[in-house]
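Residue numbers (the numbering used here): 98 to 220.
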C-alpha cells in the first residue's frame with residue numbers, strides 16, 4: 098500500500114508540473130533574438146500590443162492594436178490585429194493579421210518569427 102500511495106503522489110506531482118499556458122502568462126515584454134536592430138513586442142493586459150522596431154541604420158516602426166489569446170487544437174495561439182513587421186523580409190508592409198503559437202522553451206515563453214533561422218520573440 099505504501100508503494101501505491103507513493104506512485105499516486107508521484108503522478109499527481111508530475112501532472113501538477115505540466116502547467117498550461119494561460120492568457121495572464123503571455124502578458125509582458127518580448128524581445129527578438131535576431132540581433133538585427135531593436136525589435137520588441139509588448140502585450141498589455143487590456144488586450145492591446147505595442148510593437149517597436151529600429152534597424153541598425155536608424156529607421157524605425159511602431160504600431161499598436163489588439164491581440165487575442167486562444168487555444169486551437171489544445172495549443173495556445175495569439176492573433177495580432179493590423180500587425181506589421183519592421184524586420185526586412187518578414188510579412189507584408191500592409192498591416193494584417195499575425196497568428197502565432199505561444200511556445201515554451203524551458204521557463205521562457207516565445208513567439209516564432211522564423212524557425213529555420215531560430216528567430217523568436219522571447220519573454
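Even for Gly, the Cβ is constructed at its ideal location relative to N, Cα and C.
- [ ] Name, in chain order, the residues that DSSP records as bridge partners for residue 173.
- [x] According to DSSP, residue 173 bridges with 168.
Open item on the list: Taking the beta strand (DSSP E) that residue 191 belongs to, which residues open and close that run?
Closed with: Per DSSP, residue 191 belongs to no beta strand (DSSP E) and is neither H nor E.
- [ ] Have a look at 180, 202 and 184 and flag the residue whose alpha-carbon is nearest the alpha-carbon of residue 165.
- [x] Comparing Cα positions, the closest option is 180.
Task: Sequence-distant residues of its chain with Cβ nearer than 8 Å to residue 143 (five each side left out) - done: Cβ contact annotation for residue 143 (same chain, cutoff 8 Å, sequence separation greater than five): none.
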